[in-house]
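Undergrad: Residue numbers are given in full-length UniProt numbering: position 645 of the sequence shown equals residue 645, and the series is strictly consecutive.
Heads up, the beta-carbon is just placed ideally off N, CA and C, and yes, glycines get one too.
In this text the structure is predicted, and so the values were computed from the model without any measurement.
Pasting a structure below so you can have a look.
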Amino acid sequence: MVNGVGGLAGGSPNFGFLLAHEPLLVVYGAGAETSVFTDPNGALVKCRQFIEVLTTVMVRRTGIAVAGDNRLGTRIHALSDNGVILKNGADAFHEIRRIGNRAVHEHYADTRAALDSVNKCFQLGLLLHRAITGDRQVITFVPPQPPVDVTGRLREDLERYKRELTEARLILDGKRSRAEAVSEARAEAEAELSRVLHERDRLTAQLEALQGAAQQLRSEFDERTPDKVSISRRRLFIEQARAPEPLTEAQARREIDRMLREAGWVVQDSAQLNPLAGTGVAVREFAFAHGRSDYALYVDGMLVGVIEAKREGTSLTGVEWQSAGYAAALPKAYAMATWRRDIPLPFRYESTGVETRFTNGLDPDPRSRGVFSFHRPETVAAWMAEADERPDAPTLRARVRQMPALVETGLRPAQIDAVKGVESSLCRDLPRALVQMATGAGKTFAAVTQTYRLIKHAGAKRVLFLVDRNNLGDQAAAEFRNYITPDDGRKLSELYNIQRLAGGTVLESTNVVITTIQRLSLALRGEQLPADDDDQGVDDYVPDRPVDAQYNRQLPPETFDLIVVDECHRSIYGKWRAVLDYFDAPILGLTATPTAQTLGFFDQNLASEYTYEQAVADGVNVDYDVYRIRTKISESGSRIPALDEEGTRTVVPFRDRRTRMQRYEELQEDFTYSGEQIGRSVLAKDQIRLVLKTFRDKVLPEQYGKRTVVPKTLIFAKSDEHADDIVQIVREVFGKGNDFAAKITYKSKDVGDDPKKLLQLFRTSAALRIAVTVDMIATGTDVRPLEIVFFMRGVQSAVYFEQMKGRGARTVDETEFRQVNPDRTARRKDRFLLVDAVGVTDSPLCDARPLERTPSLSLKQLLAKAANLSIDEHEIASLASRLARLDLDMTDADRDEIARVAEGATLRDIVRRLVDAVDTDELIAVQDAGGDRAVQRRLREAVAPLTANPDLRRRILDIRRDRDTVIDVHSADELISAEGVDVAKEAVQSFRQFVKEHQDEVIVQQLRHGSGPRLTYAQLQDLADRVKRLPNVYNVDFLWRSYEELGEAPSLGEGEAAVTDLVSLLRRELGVDREVRPFRSIIEERYAAWRASQERAGVTFTPEQRWYLDRIVGVIATSVEITVEDLHGMPFDQRGGAYGFADAFGDRAASILEELNKELTA
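What follows is the structure, encoded as C-alpha cells:
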C-alpha cells in the first residue's frame, strides 16, 4: 500500500472502510467528498473515477465475462445482467457515469449534483463492502459540510442527510424515553458533522500530497491480473450484494409497526392506551417496573405478551431474557389485566423488523423459534381458549407428549418406526425431521397415520401435504380419504375435511390441504390457482432465482400445524425455500434417497431410516438387474452429409415441434449432431429402431426366455415428440396395433386422450404392454405389475433417478399380476429389469447398484462360500438378493419346510439379517470402532444360520437351483454391446481411467517417483474415499477382489484389503511394480531386510525394543506411517506409550521412528 493512504482512510467518514478492499477507492472517494463545495466539477470527475475502479473490482471479484471493449458502461450492463447489482444500483452507476462525462467534456459543475454523486458513491462502495464481508452493521452517509451557510434545495438535501444520520445513531434501550434517546442521537450527529468540517482542510492537504502516489496506484491497479473465482465464491458475493440494507432502530420500529398492522393488530402509543380498540392491541413503550417494553400485547382486553425490538444485526437469542424479564417486572397495578397470573405474558417476541423470534411460555420447555411475522390476534385468542380448556396440556407441543400409544395393527415395522420417530422429534420440539423410506414402502400411509394422530389426539387444526406433482395429489388425496381410522373403523374423510388447494383459498373447516409447492406459492402471492386437473405449466415451473414470500392475510404463517413434504428434493428447499420458511410449522420430509443437502436442510435429524435393501429383504420391494444397450449413434451422434455420393444435395425432413407439420429442405452444409440431441432437436429413427429391435431380439429372450407376451414395460423419453416417435416405432418393431403401446404424458389430453384413464388402463389392461412417458409417471405413481423400466433419456438428478427406478420396484400379489399377464409362464413378479440405452447407469450421480452384486456366482456357489466362511460383503448382498427372490417364489409349504429346518426362522428373517449386516453405514461404524476383525465378525455372524445348518442350505437348493450368468452379446453392425454389467471388469477399468486422469496429482507423483514429502494416511484415506465414488467401485476391498477375479492380484483369503493396499494397486497401474502384492507383506518383507542390515552393522535389539518394533510395523502396515502421537495409543500405552519407547531406545528413539518410516514405505 502507498504510504499515506491509511491516514487518508482514517480521516474519511464515508470511504475509509474501503481501504481493505481497494485503496484507490479511498483516494477517489475522499477526493470527491472534500471538494463537493470547493470544486464540484472535480468532485464529479473523481466520482466517475471512483465507479470506474469499483465496477472493475466487482467484475474481478465475481469473475463474470464482459463483452466487447470492457468500457465502464459495458461493465455496468454485465454486472446487471449477471444479477450482481439490482436495478437501483445499475441506475446509480449510470447516473454517476453520465454526470461524470458531462463534468469531463462540458466542465459541468453543480454542487447539488456533486453532493448527490458522492452519496451514491458511498452507497455503491457500501454495497461492495457488504458483498465481500457480509457485514450487516448500520453504516450511514455523513454529508460533507459547506464552509458557509447554503440555501434552497441544497440546504434541504443537507438537512435530509442530517436527519438520516441522526436516525441511524438513535438507540432505544427501554431505559430512557424516546424523546431522551432522540435528543442524544441528535447531539451525536451534530458532533460528527462538526468533526467532518474540522477535518476537511487536513484531508485536502493529504490528498494533494498523494497526487503522484495516486497515479502509481492506478497504474498498478490497471495492470493487476484478476484471480480465478470459484462458483461458490461468486454466488456468495452476489447473494450478499443483493441483500437489502440493514435497518436502523427507527426503521426497525416502523417495520414492526407495519408487520403488526398487517397481522391485524391495532398499534397505539402508551399515551393513547385503549386495550379494547380491537381483538389485538400492541402498545408502544409500555412502562414496567424496571423499564419500558417496546410493545405490550393485549388480546381481548387482557395483557398476554411483549415484543422486544432491536436494531438489525442484534443477536435476538441474546435478548430473550429481557422479554422474559418483563413478566417478573409486571407492575402490581396491571395484575388484574393479565390473562394468567401463574405465567404472566406467555407470548413473547423479539424482532429487528427483518428477523423475528417467538417463545410460547405455555410450552412444556419454552424455546424460541424463528417466525416470518407476528401471529394474528385471533390465533393468540384461540391458543388462550385451548389453554383454558386443557390446562394440563395448554399447547400443541404439550399435547403431542400426551398422545396415546400408537395402534400398530395394519402398519409395517418400517411405518411404525417412522411414526414413532417423528413423534419423538415433535416431543423434543425439533423444527424439522426427515423420514427415509424406500420407494414403495408406504411413506404416504405412514404420513396419513401421523396426520390422523396429530389431529385426533393433539388437536392439530390443519396439516399441509406437499406432493411433487399435482397428478400425485389424486393418489395422496385417495390415500387420505380411504384411510381407515384404528379407533372406530371409519374413513378419515368421514371425520375430517380434505382439500385439494384450488382457487387460492384454504377453507376454515379444512383439516388436510394437499397441493404442490408451485401452487402454494401462487396462493401465497394471492394469485388465482388453476383447477385441480394437471397443469404442466404450473407444475413444471422452476423460477430463475429463489422466490420471495410476502405476508398474506388469507394464509398467515400459522395456517398449518405440520407440513409434510413428500418426495422432498433440493428444489423444495432451494429456490422455493422461502415458501416453506414462511409458515410457522414443523416440517416433515419424506424421501427414498436423502442427499447431503437434504440432510442439511433437515438439521441431520433422520427420524427413521428404511433402505431399499431392507425393503427387498422384507418383501416390500423386489430387487432388479441392469441391462445396458449401447449404439454408435446413442454414444457419439452422427453426421448427415450435405452431398450424396453423386454430388446431389441431401434432402432431409424438418418437423415443427408445435404443429408437427413436416417439410423438406436441402442441406447447405453437413449436419452433425451429438447423442444428447437425439429425441430433443434431432430424431434418429434408425437409432430408436435399433434399440427397440435389440430389446425385442436380445433383452427379452435372454431375460424372459419362456415368455410369449412382453412384460409390462415403461419407457422414459426425452420429450413428448420423442415419445410419439418411440410409440410409433414400438408398434412397428413388435408388429402390434394401437392397443399394444401408448404415450402417457401431460400432453396426451391435447389430442383427446385422458392421461389418467390411460394410466389406469396400463395398470389393469392385459393388452397395453408398453407405456412411453416423459415425466408424468416418473414419481410417486404406482403400476405394480411393471417389470421393465427402460431409459431412453438421461437423468441429471440422483433423487429423480431413484424415483424413476422405483416405478418398477413395487411388489404385486399373484392374482393381480396374472390378471394383466395372459402368459401362463408369468406366475409372479420377483424382480424388475432396468434397461439403459443412454448411459444413465454410467453416471456417478445415479446409484444403479442393485442388491445383486456378483451375478457371475450361482446360488450354490454363494451358499458354499457361506458354509466355509469365505463369503465377503458383496457376496452376502447377492445372497440376500437371491434368497429374497426365492422367498417371493415359494409356496406356503416351502416356507413351512424352511422354518422347520431353520429351527423357526423364516427365509425372510435370514435375508433381513444378511441385509442388515452389509449396510454401508453400519459397516463403516463397525470398522471405525473395532477395525477389520470387527467387520469380519459381523459378517460371520450374519451368515451363521446358513454356515451351521447344512440341511437348510440343501433344502434351499432343492427348492430352486439358481444359475445367474454374466451376459455379453455383440452385434455385427451398429450395436456396440447389449450386456449385463461385468462388475469386476467395470471396477478395474474405472480405476484405471481414474489413475490415467490424475497423473499430475501429488500422491501419484509421490508413488511414481518417491519424491516430495512422505505419503500420509490422511492422503491415502482421502484418495480411497474418492475411489469409492467411482462407477462400480464400492471400496478398496471390492477393487482388490475385482483384480483378484481377473487374475491380476493374489487372494487375500478370508481377510479384507485395507486402505493401504491401494498403494499396491496404484504402483501396479503406474508401472512402478510389475505385480500386485498386499501392502502388509511388502512392509513385513522390508522390515525383515532392515533387521538383517542392522544385525550386519552390529546392532542388536533387546526383547523390549523388539516388542515396540514389531508393533510399529503393524501400525505402518495399516496406516502407512508411524507418528509420535501413535505411540500414545493402543497397544503402546500398555508399556508407557511414547515415554516407554523413549526409555527403550534412548537417544536413538527419534531416529528409529524416522528410519522405519523411510525404509519401510520407500
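Which residue spans inside the segment 328 to 397 form an unbroken beta strand (DSSP E) run of at least 3?
TA: 347 to 351, 356 to 360, 369 to 371
Undergrad: Just to confirm the assignment, what range does the alpha helix (DSSP H) spanning S293 have?
TA: Working through the sequence shown from its first residue, we reach residue 293 at position 293. Where S293 is concerned, there is no enclosing alpha helix (DSSP H), although the beta strand (DSSP E) it sits in stretches over 291 to 299.
Undergrad: To the nearest angstrom, report how far apart L888 and E239 are at their CA atoms.
TA: Position 888 of the sequence shown, counting from 1, holds the residue named residue 888. Position 239 of the sequence shown, counting from 1, holds the residue named residue 239. Straight-line Cα distance between these residues: approximately 54 angstroms.
Undergrad: What whole-angstrom Cβ distance do V1076 and R1068 have, given they're in contact under 8 angstroms?
TA: Against the sequence shown, residue 1076 aligns to sequence position 1076. Against the sequence shown, residue 1068 aligns to sequence position 1068. About 5 angstroms; that satisfies the 8 angstroms criterion.
Undergrad: Rounded to a whole number of angstroms, what is the C-alpha to C-alpha distance between R913 and A942?
TA: Numbered from 1 along the sequence shown, position 913 holds the residue referred to as residue 913. Numbered from 1 along the sequence shown, position 942 holds the residue referred to as residue 942. Between R913 and A942, the C-alpha separation is close to 6 angstroms.
Undergrad: Alpha carbons only, please: which of L495, E567, L297, R882 is nearest the one belonging to V435?
TA: By one-based count along the sequence shown, residue 435 stands at place 435. When C-alpha distances from V435 are compared across L495, E567, L297, R882, the shortest belongs to E567.
Undergrad: Going by CA-CA distance only, name the one from W1090, F141, I484, N471 that's closest to Y161.
TA: In the sequence shown, counting from the first residue as 1, residue 161 sits at position 161. Ranking W1090, F141, I484, N471 by Cα distance to Y161 puts F141 first.
Undergrad: How big is the Cα-Cα spacing for A9 and K120?
TA: Position 9 of the sequence shown, counted from the first residue, corresponds to residue 9. Position 120 of the sequence shown, counted from the first residue, corresponds to residue 120. Going by the C-alpha atoms only, they are around 18 angstroms apart.
Undergrad: Roughly how many angstroms lie between the CA atoms of T166 and R311, to the nearest whole one?
TA: The residue you call residue 166 lines up with position 166 of the sequence shown. The residue you call residue 311 lines up with position 311 of the sequence shown. Rounded to whole angstroms, T166 to R311 spans 14 angstroms at the Cα level.
Undergrad: With DSSP as the reference, label I238 as helix, strand or coil.
TA: For the purposes of this step, residue 238 is identified with residue 238 of the sequence shown, where counting begins at 1. I238 falls in the helix class under three-state DSSP.
Undergrad: Shorter than 7 angstroms, the distance from the beta carbon of V1076 to the closest heavy atom of the ligand NAD, or not?
TA: No copy of the ligand NAD occurs in the structure displayed, which carries no ligand at all.
Undergrad: Tell me, which residues are paired with K491 by DSSP?
TA: Your numbering for residue 491 matches position 491 in the sequence shown. K491 pairs with I484.
Undergrad: Hey, how far is the Cα of G16 from the Cα of G100?
TA: Numbered from 1 along the sequence shown, position 16 holds the residue referred to as residue 16. Numbered from 1 along the sequence shown, position 100 holds the residue referred to as residue 100. Looking at the two C-alpha atoms, the distance is approximately 22 angstroms.
Undergrad: Look at the alpha carbon of V547 and the alpha carbon of G526, and state the distance between them as a whole number of angstroms.
TA: For the purposes of this step, residue 547 is taken as the residue at position 547 of the sequence shown. For the purposes of this step, residue 526 is taken as the residue at position 526 of the sequence shown. Cα to Cα, the separation comes out at about 14 angstroms.
Undergrad: Which stretch, first to last residue, makes up the beta strand (DSSP E) that contains M437?
TA: Here residue 437 is taken as the residue at index 437 of the sequence shown, counted from 1. Here the beta strand (DSSP E) through M437 covers 432 to 437.
Undergrad: Evaluate P855 with the Cβ neighbour count: other Cβ atoms within 10 Å of its Cβ, from every protein chain shown; 16 or more gives buried, anything less gives exposed.
TA: Residue 855 sits at position 855 when you count from the first residue of the sequence shown. Counting Cβ neighbours within 10 Å, P855 comes out buried, since at least 16 surround it.
Undergrad: By alpha-carbon positions, which one of L193, L170, E192, R195 ends up nearest to residue 1230?
TA: Within the shown structure, residues of the chain are numbered from 1 to 1162, placing residue 1230 beyond reach of any answer.
Undergrad: Provide the residue span of the alpha helix (DSSP H) that contains E941, from first to last.
TA: The residue labelled residue 941 in the question sits at position 941 within the sequence shown. Start and end: 920 to 947.
Undergrad: Rounded to the nearest angstrom, what separates T1060 and R401 at their Cα positions?
TA: As a position in the sequence shown, residue 1060 is number 1060, starting the count at 1. As a position in the sequence shown, residue 401 is number 401, starting the count at 1. So the two alpha carbons sit approximately 50 angstroms from each other.
Undergrad: To the nearest whole angstrom, what separates the beta carbons of L466 and I563, a pair I think is in contact under 8 angstroms?
TA: Against the sequence shown, residue 466 aligns to sequence position 466. Against the sequence shown, residue 563 aligns to sequence position 563. Contact flag correct, Cβ pair sits at about 7 angstroms.
Undergrad: Alpha carbon to alpha carbon, what distance is there between R481 and S493?
TA: Taking the sequence shown and counting its residues from 1, one reaches residue 493 at position 493. Taking the sequence shown and counting its residues from 1, one reaches residue 481 at position 481. Their Cα atoms are separated by approximately 5 angstroms.
Undergrad: What number of angstroms, rounded off, separates the C-alpha of R545 from the C-alpha of N471?
TA: Walking along the sequence shown from the start, residue 545 turns up at place 545. Walking along the sequence shown from the start, residue 471 turns up at place 471. Those two C-alpha atoms are separated by around 25 angstroms.
Undergrad: Excluding the 5 residues flanking L495 on each side, which residues of the same chain have their C-beta closer than 7 angstroms to its C-beta?
TA: As a position in the sequence shown, residue 495 is number 495, starting the count at 1. These residues qualify, in order along the chain: T485.
Undergrad: Look at the alpha carbon of D842 and the alpha carbon of I629, and state the distance between them as a whole number of angstroms.
TA: As a working mapping, residue 842 is identified with position 842 in the sequence shown. As a working mapping, residue 629 is identified with position 629 in the sequence shown. About 12 angstroms.
Undergrad: May I ask you to report which of helix, strand or coil DSSP gives Y704?
TA: Here residue 704 corresponds to residue number 704 of the sequence shown, with the count starting at 1. Per DSSP, reduced to three states, the secondary structure at Y704 is coil, with no helix or strand assignment.
Undergrad: Roughly how far, in whole angstroms, is the beta-carbon of L72 from the beta-carbon of L54, given that I think they are within contact range, below 8 angstroms?
TA: Your numbering for residue 72 matches position 72 in the sequence shown. Your numbering for residue 54 matches position 54 in the sequence shown. Contact doesn't hold; Cβ gap of about 10 angstroms is too wide.
Undergrad: Quick one, are the C-beta atoms of E850 and I788 less than 8 angstroms apart?
TA: Translated into the one-based positions of the sequence shown, residue 850 becomes position 850. Translated into the one-based positions of the sequence shown, residue 788 becomes position 788. One detail in the question is off: residue 850 reads as Pro in this sequence, not Glu. Cβ atoms of P850 and I788: not closer than 8 angstroms.
Undergrad: Specify, as a first and last residue, the run of the alpha helix (DSSP H) that E1155 falls within.
TA: As a first step, residue 1155 must be located in the sequence shown, where it is residue number 1155. First-last of the alpha helix (DSSP H) with E1155: 1149 to 1160.
Undergrad: Do you know offhand how far Q803's Cα is from L857's?
TA: To locate residue 803, count along the sequence shown from 1; it is residue 803. To locate residue 857, count along the sequence shown from 1; it is residue 857. Computed Cα separation, rounded: 29 angstroms.
Undergrad: Considering A309, what are the terminal residues of the beta strand (DSSP E) in which it resides?
TA: Taking the sequence shown and counting its residues from 1, the one referred to as residue 309 is at position 309. First-last of the beta strand (DSSP E) with A309: 302 to 309.
Undergrad: DSSP three-state call for D724: helix, strand or coil?
TA: Residue mapping note: residue 724 aligns to position 724 of the sequence shown, counting from 1. In this structure, D724 counts as helix in the three-state DSSP scheme.
Undergrad: Leaving aside the five residues before and after L869 along the sequence, list all residues of the same chain whose C-beta is less than 8 angstroms from its C-beta, in chain order.
TA: In the sequence shown, the residue the question calls residue 869 occupies position 869. The answer, listed in chain order, is R940, V943, T947, E1054.
Undergrad: For G361, I'd like the list of residues in its chain whose CB is within less than 6 angstroms of its CB, leaving aside the five on either flank, ordered along the chain.
TA: Mapped onto the sequence shown, residue 361 falls at position 361. Cβ neighbours of G361 beyond the five flanking positions: I343, P346.
Undergrad: To which residues of the same chain is N1035 closer than 6 angstroms at the C-beta, ignoring the five residues directly before and after it?
TA: To locate residue 1035, count along the sequence shown from 1; it is residue 1035. Same-chain partners within the cutoff: K1028.
Undergrad: Can you give me the Cβ contacts of V838 inside the same chain, cut-off strictly under 7 angstroms, excluding the 5 residues immediately before and after it?
TA: If you number the sequence shown from 1, residue 838 lands on position 838. For V838, where only same-chain residues beyond five positions count, the Cβ hits under 7 angstroms are S634, F791, M792, R793, G794.
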